[in-house]
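Worksheet: one structure, shown below.
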Amino acid sequence: MNDFDSKLNSFFNNLNDKLQQQFPNILAETATEYFKERFIYKDWDGVPWQPYGNPKREPKRGSLLNRSPGGLMSTIRPSVISPTLVRINAGSAKVPYARVHNEGLRVRAVQYVRPHHNNNFMGKGQRVQIQGHSRRIDFTMPRRQFMGKSHPLLNAVKNRFKTLIKP
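If you're matching positions, the sequence shown starts at 23 in my numbering and goes up one per residue.
In structure tokens form, the structure reads like this:
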């Protein structure tokens, strides 16, 4: 009987070690998939993203957030995976606007326009010299959340873990 108990304990210890190694990877993979799917479904926890203010200006080829290969969606990836911590980051040096979109922040900036030529100024077909100038930008970006704590994500992670544990 003692031999059986030791084998059973070693089996569960071995199983526990394997699960501790696999759980962080599964969690990171599931969360990354879920966050990237938010760009396809354009919602967060069933609440759709706020539409464009001017429908005529909405891009025809899909969302600006995931259109280009270097777009925001492609920057979502796990940065730290350890048995005690899983961290997933979005954005990079080339995509600094991730936080603004996710949290819906106020944008204040000064845009500088360099001097240049416009070959069809106001549709008149004339070449016009545009002088260098600056303009102030001040607007609130609507919140289009794609990352954060979520009950559907938690349920998806639980389901993945349950299928892993089932014999």
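Every residue gets a Cβ at the ideal spot worked out from N, C-alpha and C, and that includes glycine. Being a predicted model, the structure only gives us computed values, none of them experimental.
| query | result |
| --- | --- |
| Cutoff 8 Å: residue 181 Cβ touching any chain B Cβ | Here chain B cannot be found, since the structure has a single protein chain. |
| Nonlocal neighbours in the same chain, by C-beta distance under 7 Å from residue 193, ignoring five residues either side | The requested residue 193 does not occur in the structure, where the chain is confined to residues 23 to 189. |
| Those residues which DSSP pairs with residue 173 across a bridge | Answer is none; residue 173 lacks a bridge partner. |
| Segment contact, 8 Å Cβ cut-off, at least three pairs: the stretch 169-179 with the stretch 47-54 | yes |
| Residues that DSSP places opposite residue 100 in a beta bridge | 110 |
| Alpha-carbon spacing of residue 45 relative to residue 175, whole angstroms | 15 Å |
| Close-in-space but distant-in-sequence residues of the same chain around residue 140 (CB under 6 Å, 5 per side omitted) | 150 and 152 |
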